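S.K.: Numbering (the working numbering), first residue to last: 248 to 337.
#1: Whole angstroms is fine: what's the gap from residue 308's alpha carbon to residue 263's?
#2: Does the beta-carbon distance from residue 271 to residue 316 come in below 8 Å?
#3: Can you tell me whether DSSP reads residue 319 as helix, strand or coil?
#4: Between residue 284 and residue 302, is the Cβ-Cβ spacing less than 8 Å?
#5: From the beta carbon of residue 261, is the nearest beta carbon of chain D less than 8 Å away?
#6: For the alpha helix (DSSP H) that contains residue 277, what are its first and last residues?
#7: Just to confirm the assignment, what range does the beta strand (DSSP E) spanning residue 252 have?
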């Protein structure tokens with residue numbers, strides 16, 4: 248499955264550097280997003296020396312199918328609005 252990084256998970260005073268909100272194509276309900284909890288997420292950096300940063304879906308965020316993902320390292324700010332791959336293993 249393919250998704251798009253929307254934003255850092257943040258509050259009024261605190262930004263969680265490793266937590267990101269991800270919008271997933273063809274997921275529009277909280278119930279569908281909850282089924283993805285525990286799936287692996289990978290972000291690949293653009294460019295010649297492509298870096299792969301892995302993460303895990305930790306839960307649904309809101310009622311419109313957005314999920315929270317926690318990455319092993321923080322993604323760079325340029326990762327916002329880029330694509331991520333969600334491993335859908337059976």
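By construction, the Cβ of each residue, glycine as well, lies at the ideal position given by its N, Cα and C atoms. Because the structure is a prediction, the values reported are computed rather than measured.
M.R.: Let's see:
#1: Taking the chain shown and counting its residues from 1, the one referred to as residue 308 is at position 61. Taking the chain shown and counting its residues from 1, the one referred to as residue 263 is at position 16. If I take the Cα positions, the gap works out to 15 Å.
#2: As a position in the chain shown, residue 271 is number 24, starting the count at 1. As a position in the chain shown, residue 316 is number 69, starting the count at 1. Here residue 271 is not near residue 316, since their CB atoms are 8 Å or more apart.
#3: Position 72 of the chain shown, counted from the start, is the residue given in the question as residue 319. Residue state, collapsed to three classes: coil.
#4: In the chain shown, counting from the first residue as 1, residue 284 sits at position 37. In the chain shown, counting from the first residue as 1, residue 302 sits at position 55. Going by C-beta atoms, residue 284 is not nearer than 8 Å to residue 302.
#5: Protein chains in the displayed structure number just one, and chain D is not present.
#6: By 1-based counting over the chain shown, the position of residue 277 is 30. From DSSP, the alpha helix (DSSP H) with residue 277 extends over 277-281.
#7: Here the question's residue 252 lines up with position 5 in the chain shown. 249-257 is the extent of the beta strand (DSSP E) around residue 252.
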